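Working notes, beginning with the structure itself.
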Amino acid sequence: MNIILKVEDLHKRYGREEVLKGVSFEVQKGETKVIIGPSGTGKSTMLRCINQLTPPDKGRIWLDGVEVTHPKTNINTVRAQIGFVFQDFNLFTHLTALDNVRLGLLKVKKLVKERATEVAVEELRRVGLADKTEAYPAELSGGQQQRVSIARALAMDPKVILFDEPTSALDPELIGEVLTVMIDLAKSGMTMVVVSHEMGFARSVADEIIFMEHGVIVEQGSPQQLFSHPQHPRTGEFLHKITELYGETG
Amino acid sequence: MHHLVFEWSWLPQLAQGLTITLEITATCIAIGIVLGLLLAIGRVYGKHIFYWLSSAYVQFFRGTPILVQLFTIYYGLPSWGVRLSPFISGVLALGLNTAAYQAEYFRGAIQAIRAGQMLAARSIGMTLPQAIRYVILPQALRLVIPPWSNELILMLKYSSIVYMVTVMDLMGVAMTITSRNFRYLEVFIVVALMYLALVLIISRLLRMLERKVRIPGLGVERR
Amino acid sequence: MRERGAACPSPSWSKEGELKIEGLITVGRSLPDLLGATLINIELFLALILLGFLVGIIIALLQVYGGGFWSALASAWEWFFRGVPALVLLVLFFYGSSEFGLSLAPFTAAALALGFRSSGYQSQIFRGAIQSIPPGQMMAARSVGLSRLQAIANIILPQALRLAIPAWSNEFSSVIKDTTLAYAVGVNGVLRHARYIMVRHYELAMLAYITVALVFLLLTYGGNWLLGLVERRLALPGFQMKGGRGQEALSR
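For the record, the sequence lines run as chains G, V and E. If you want the working numbering, it's the position in the first sequence, counting the first as 1, plus 328. If you want the working numbering, it's the position in the second sequence, counting the first as 1, plus 1. If you want the working numbering, it's the position in the third sequence, counting the first as 1, plus 650.
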């Protein structure tokens with residue numbers, strides 16, 4: 329039992345609307361957790377609360393024993409240990425793929441240039457883009473950009489990587505290449521929390537699936553449990569609808 | 002209309018004035034960049050007091066005429082006990098003025114950069130100053146080149162006002178020459194042509210600069 | 651009696667305090683003159699903006715619709731009047747005109763010089779506005795039987811002028827401030843007034859110039875507010891300049 333990430337009673341309110349109404353869960357080392365649920369139910373907000381890009385109103389978070397939400401914790405140090413992959417990729421537009429991956433190594437982890445380059449090239453190779461080191465984001469396809477984004481997160485050697493709907497902004501034919509990278513990652517033992525609509529991915533790779541709706545966790549369990557014997561009626565409804573819409577993928 | 006006469010002896014004097022004009026322009030632009038960037042960052046990322054101070058500054062210097070600003074410094078300050086030389090007064094007034102406009106251009110450029118860039122920078126553990134320095138500014142500085150180029154050329158032309166506080170720039174030299182020979186038309190047509198030539202050359206240089214630092218995909222509006 | 655700082659009873663008794671109150675009174679008394687001087691700046695502004703408007707539209711139309719020669723001439727005009735500093739133009743028109751046998755009053759020379767200069771900037775604004783009108787508008791107008799001139803007057807210009815309002819208000823702010831430059835050729839505007847005070851009461855120089863600055867702050871913000879009203883009044887639903895003018899340079 330090695331808990332890498334622990335989230336306890338997260339609450340977040342936007343104006344009058346409470347988007348997170350007390351969310352708690354734990355992630356063990358090497359686990360792949362997939363979070364599913366209808367749009368706008370706070371899934372992305374919750375991910376952003378974990379690395380404090382959106383500070384929660386209430387609740388506590390621990391990363392490998394260190395309390396992230398504690399006022400005395402250096403948030404930048406923590407963020408360097410949490411990888412984050414955005415729906416919109418958010419690659420640094422003014423930098424090549426190599427520089428995108430290298431920037432964090434040079435400026436945050438303060439590696440020497442040679443070592444940083446070594447690591448960056450290796451991560452790009454790992455996501456299948458060894459030949460695109462000198463390309464600018466505008467010159468890459470959406471799928472390639474997202475893979476660079478994953479390489480950027482990986483390069484920091486994080487304890488956990490958070491994926492915020494990584495394939496939602498991609499054209500259908502490009503989704504596969506990103507999912508492949510994510511599946512390899514999961515198999516290699518990386519701890520991952522993924523918010524996604526990709527049911528095929530969830531089914532085949534997730535160790536546990538969490539179903540969220542209206543700011544609370546409705547049900548969580550292994551893929552077999554949720555898909556075959558959902559406990560909560562809403563879970564069944566949602567899965568049925570999603571599988572209809574997206575079909576079986578992966 | 003009598004015969005227009007042009008004397009070559011004017012040229013060296015005018016050239017001397019031209020150098021002063023360029024000096025003044027370059028210096029005031031430099032002040033403008035530094036101060037303008039600070040003001041812009043204050044307006045975009047600053048909390049409360051920095052935001053209000055920057056905003057007040059920008060509103061004041063953009064809302065009042067540049068000549069009034071010059072006179073306030075050159076004639077007004079001495080009544081408070083501060084006496085600055087004509088050159089310094091000129092450069093200071095021009096610099097403070099252009100800083101307010103450059104602040105707006107920088108602010109526009111910074112805000113044109115998508116919020117995701119800052120999020121991504123913070124998500125890998127960069128501090129706010131690091132994010133501004135390595136991610137936001139490199140992009141903003143490229144985006145700002147077109148309006149900034151315009152500002153440079155504008156300041157080149159407005160620098161002529163310093164002759165009114167006895168600085169011997171191109172305008173000042175020309176006024177001195179004409180006060181003696183009264184050949185206003187000839188001298189000032191030449192002066193006009195000199196300014197036009199300067200504007201042309203600098204525009205060309207700035208376009209080359211823009212091409213040189215261009216990055217594919219940067220500067221395209223992605224709203 | 652040198653002041654003793656905080657020990658002094660009330661400010662109006664200390665020498666410095668006396669000066670301050672007196673200063674405010676002097677400046678206050680000169681307010682009517684200040685207003686008169688401001689009026690001259692405003693008059694100059696109206697004259698030159700009108701001249702710039704009329705000439706600017708002609709230049710813009712020549713550039714867009716004129717043949718090769720006229721278009722080139724118009725472009726040269728725009729290039730010249732935008733590229734030459736305002737002060738140089740002022741001197742050329744005021745002093746230079748005597749070599750043509752003309753004796754222009756400072757106000758007239760300033761109105762012409764700054765007016766033509768504004769026409770250069772305004773023509774650029776109108777040209778942009780005209781060119782952003784879809785070509786279909788002209789085609790439709792001609793196909794209904796309107797002559798080129800009629801089409802321009804009835805279809806193109808009304809739309810172009812509305813589209814131009816935001817950019818035009820930029821020009822407005824810039825020009826109202828540039829009227830101060832006319833001081834260089836002797837126009838009796840606010841700067842002349844400030845100098846008048848300064849020459850007689852040297853210690854009031856700062857106060858005088860700050861007052862002028864405040865007057866202009868009022869003029870520029872008041873003017874912008876007015877233009878905002880005009881824009882709202884003239885707005886047509888769904889009518890906006892496509893493609894933001896976000897990064898366009900702000901006029902002085």
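Beta carbons: idealized from backbone N, C-alpha and C, even for Gly. Just so we're clear, the structure is a prediction, and the values are computed from it rather than from any experiment.
Cβ shell of residue i (< 6 Å), same chain only, five flanking positions each side left out
i	result
Val347 of chain G	Lys340, Gly370, Thr373, Gly543
Leu482 of chain G	Glu451
Ala763 of chain E	Leu739, Leu740, Phe743
Glu547 of chain G	Phe539, Gln559, His560, Thr563
Ile332 of chain G	Val355, Lys357, Asp392, Lys487, Val488, Thr519
Asp492 of chain G	Ser372, Leu375, Phe414, Gln415, Val523
Ala100 of chain V	Gly33, Leu36, Gly37
Ala104 of chain V	Gly37, Leu40, Ala41, Val59
Gly289 of chain G	Residue 289 of chain G falls outside the range modelled here, since chain G spans only 329 to 578, and no answer is possible.
Cβ neighbour criterion (16 or more within 10 Å) applied to residue i
i	result
Asn330 of chain G	exposed
Ala765 of chain E	Per the sequence shown, the amino acid found at residue 765 of chain E is Gly instead of Ala. Gly765 of chain E is buried by the Cβ-count criterion.
Pro661 of chain E	Caution applies to Pro661 of chain E, whose pLDDT of 41 falls short of 50 and renders its modelled position unreliable; the model cannot decide the point.
Phe183 of chain V	exposed
Ile202 of chain V	exposed
Trp11 of chain V	buried
Trp9 of chain V	exposed
Asp499 of chain G	exposed
Tyr745 of chain E	buried
Lys460 of chain G	buried
Gln897 of chain E	Low confidence applies here, because Gln897 of chain E scores a pLDDT of 34, under 50, leaving its location unreliable; read the following figure in that light. When all chains shown are included, Gln897 of chain E counts as buried.
Tyr771 of chain E	buried
Ser352 of chain G	exposed
Tyr342 of chain G	exposed
Thr405 of chain G	exposed
Pro383 of chain G	exposed
Leu206 of chain V	exposed
Delimiting residues of the alpha helix (DSSP H) encompassing residue i
i	result
Lys441 of chain G	441-454
Thr28 of chain V	11-46
Phe750 of chain E	Where Phe750 of chain E is concerned, there is no enclosing alpha helix (DSSP H), given that its DSSP letter is neither H nor E.
Thr373 of chain G	371-378
Phe417 of chain G	Premise fails: Phe417 of chain G is in no alpha helix (DSSP H) and is neither H nor E.
Ile403 of chain G	403-409
Gly365 of chain G	First-last for Gly365 of chain G: undefined, no H or E at that position.
Endpoints, beta strand (DSSP E) assigned at residue i
i	result
Gln356 of chain G	345-356
Arg388 of chain G	386-391
Close-in-space but distant-in-sequence residues of the same chain around residue i (CB under 8 Å, 5 per side omitted)
i	result
Lys441 of chain G	Leu434
Ala466 of chain G	Thr421
Val189 of chain V	The question names Val, yet the displayed sequence has Phe at residue 189 of chain V. Excluding residues within five positions, the ones whose Cβ falls inside 8 Å are Ala175, Thr179.
Glu395 of chain G	Arg388, Ile389, Thr401
Val6 of chain V	Arg184, Glu187
Beta-carbon contacts of residue i that lie in its chain and below 7 Å, excluding the five residues immediately before and after
i	result
Leu431 of chain G	Phe420, Leu423
Any C-beta of chain G within less than 8 Å: which residues of the segment 24-47 of chain V qualify? none
Counting pairs of beta carbons, one from the segment 131-143 of chain V and one from the segment 162-181 of chain V, are three or more of them closer than 8 Å? no
Chain G contacts from the segment 99-126 of chain V (Cβ-Cβ distance under 7 Å): Gly117, Gln118, Leu120, Ala121, Arg123, Ser124, Ile125, Gly126
Inset, instruction - Below 7 Å between beta carbons is the criterion; list the residues of the segment 413-439 of chain G that meet it against any residue of chain V, in chain order. - result: Phe414, Asp416, Asn418, Phe420, Thr421, His422, Leu431, Gly432, Lys435, Val436
Answer yes if the segment 830-841 of chain E comes into contact with the segment 796-811 of chain E, meaning at least three C-beta pairs across the two stretches below 8 Å, and no otherwise.
no
Next on the checklist: Would you call the segment 810-827 of chain E in contact with the segment 763-779 of chain E, where contact means no fewer than 3 C-beta pairs closer than 8 Å?
Outcome noted: yes
- Query: Pairing CB atoms from the segment 453-472 of chain G with CB atoms from the segment 392-401 of chain G, are three or more of them under 8 Å?
  - Reply: no
Q. Relative to chain V, which residues along the segment 812-837 of chain E have a C-beta separation below 9 Å, given in chain order?
A. Ser823, Ile826, Lys827, Asp828, Thr829, Thr830, Leu831, Tyr833, Ala834
Check whether the segment 556-566 of chain G and the segment 137-148 of chain V are in contact - that is, three or more C-beta pairs closer than 8 Å.
no
| message | Please identify, using Cβ separations under 7 Å, the residues of the segment 197-219 of chain V that lie next to chain G, in order along the chain. | response | Ile216, Pro217, Gly218, Leu219
Checklist entry - According to a CB-to-CB cut-off of less than 8 Å, which residues of the segment 70-87 of chain V neighbour chain E? => result Gln70, Phe72, Thr73, Tyr76, Gly77, Leu78, Pro79, Ser80, Trp81
* Listed in chain order, which residues of the segment 164-178 of chain V have Cβ atoms closer than 7 Å to some Cβ of chain E? -> Met165, Met172
Item to check | Contacting positions in the segment 138-156 of chain V - beta carbon closer than 8 Å to chain G | outcome: Pro139, Gln140, Arg143
Next on the checklist: Contact between the segment 707-727 of chain E and the segment 144-154 of chain V is defined here as three or more beta-carbon pairs at a separation below 8 Å; is this criterion met?
Outcome noted: no
### Task
Check distances from the C-beta atoms of the segment 859-876 of chain E to those of chain V and list, in chain order, the residues that come in under 7 Å.
Tyr859, Ile860, Val862, Ala863, Phe866, Leu867, Thr870, Tyr871
- Task: Output, in sequence order along the chain, the residues in the segment 681-698 of chain E whose CB is closer than 8 Å to any CB in chain V.
- Result: none
task = Examine the Cβ distances between the segment 35-48 of chain V and the segment 191-206 of chain V and report whether three or more of them are shorter than 8 Å.
result = no
Notebook entry, point to check: Below 8 Å, can you find three or more Cβ-Cβ pairs linking the segment 679-690 of chain E to the segment 838-858 of chain E?
Noted result: yes
Does the segment 867-882 of chain E touch the segment 816-827 of chain E, meaning 3 or more C-beta pairs lie closer than 8 Å?
yes
**Study point:** contact_flag[the segment 151-162 of chain V, the segment 66-80 of chain V] where n(CB pairs < 8 Å) is 3 or more
**Key:** yes
### Residues in the segment 509-529 of chain G having any Cβ partner in chain V nearer than 8 Å
none
Three-pair Cβ contact test at 8 Å for the segment 81-101 of chain V versus the segment 862-879 of chain E = no
Q | Contact list for the segment 766-798 of chain E against chain V, Cβ threshold 7 Å | A | none
ask   = If contact means a Cβ-Cβ distance below 7 Å, which residues of the segment 454-466 of chain G contact chain V?
value = Tyr464, Pro465, Ala466
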